[in-house]
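See below for the structure under consideration.
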Amino acid sequence: MNELELTLNRTIAAPREKVFNAWLSPTMLSKFMAPPFGSSEPTRVTNDPVKGGRFSIVMVTPDKDIPHAGTYLEIDPFSRLAFTWESPYSLDDSVVTIDLAEVDPKTTRITLKQVKFKSEEAREGHEKGWNAILTLLEENLA
């Protein structure tokens, strides 16, 4: 079951550089890295956005805090990010890759892929979560 993966595609009306930078900015991350069912408080984010650097994302819900962390594996300006994804619902060696392609100067195509989940249910939960995150990203870049 640990070979489960998901791939999401989204086209966002924002320049590729702006989309890329949002994924590395703690201020922006705190706005769009949120649980899919909403939050009562902003997400808490710290990061060191360099290859080998670590990040911490704590999503706040009415019931509990949901910690996420990881290590940046690849930072290719404006086109690709890859990082480990440590969460209560993914396996320790789960990796997220975000590829950005310029559709035109004001539009970016995002391909987000995550590999290795504990179960099909965990994969489905991450799919819902990443879709909500991409929607919030788009809203915050508008």
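With numbering that gives the first Met the number 0 applied, the sequence shown corresponds to residues 0 to 141, in that order. Yeah, the Cβ is synthetic: ideal placement off N, Cα and C, and Gly gets one too. Since the structure is predicted, the reported quantities are computational estimates derived from the model, not experimental observations.
Comparing alpha carbon positions, the residue from L135, I65, I97 closest to Y71 is I97. By the criterion of a C-beta distance shorter than 6 Å, D64 is surrounded in its chain by V57, once the five residues flanking it on both sides are discounted. When the alpha-carbon of A68 is set against those of S89, T60, P61, the nearest one is in S89. About 6 Å separates the CB atoms of W129 and L7; that is less than 8 Å, so the two are in contact. Looking at the DSSP output, A100 sits in a beta bridge with R108.
Cα atoms of P104 and P14: separation of roughly 6 Å, rounded to the nearest angstrom. Secondary structure of E120 (DSSP, three-state): helix.
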